[in-house]
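In the working numbering, the protein residues as written are 53 to 165.
Note that beta-carbon positions come from the ideal geometry of N, C-alpha and C, so glycine has one too.
Since the structure is predicted, the reported quantities are computational estimates derived from the model, not experimental observations.
The structure appears right after this line, and notes come after that.
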């Protein structure tokens, strides 16, 4: 079966979109793992006394509990925004991929006739 040039381009575009989708999913999962670590750190920080430490490079440095909490809260906000952005991109690409799949399926079935 011979595929016309336009359908071949759609197939290539679909492959690129699926690869981008896969990259977005991996990136989103990485952000979600980081967010979970921050949430766990915030829970532990609330349970701890006033003497707290943070890791800077390969050193553990005494830190102010309030400052550390606000730093973690800020990182949490940034990660929430990134995850939200990734989810929007994922949705857009997913819809485009689905539309392309439908177009390709129609084109292939018309070529069979």
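- Note that the region 101–117 does not touch the region 67–84; fewer than 3 beta-carbon pairs, one per stretch, sit closer than 8 Å.
- Counting every other CB atom within 10 Å of its CB across the protein chains shown gives residue 145 a total of 16 or more, marking it as buried.
- Counting only runs of 3 or more residues that sit fully inside the region 59–147, the beta strand (DSSP E) segments are 104–108 and 111–115, in chain order.
- DSSP, reduced to helix, strand and coil, places residue 156 within a helical segment of the structure shown.
- Around the beta carbon of residue 76, 16 or more other beta carbons sit within 10 angstroms, so the residue counts as buried.
- Between residue 65 and the set 164, 161, 163 and 148, the nearest pair of CA atoms involves 148.
- Exclusion of the five residues before and after residue 62 leaves 152, 155 and 156 as the residues of its chain whose Cβ lies within less than 7 Å of its Cβ.
- Non-local C-beta neighbours of residue 124 in its own chain, meaning closer than 8 Å and more than five positions away in sequence, comprise 90, 93, 94 and 97, ordered along the chain.
- Contact between residue 160 and residue 88 is absent: CB atoms are separated by about 43 Å, not below the 8 Å threshold.
- Residue 136 and residue 68 have their C-alpha atoms spaced approximately 22 Å apart.
- Collapsing the DSSP output to three states places residue 164 in a helix.
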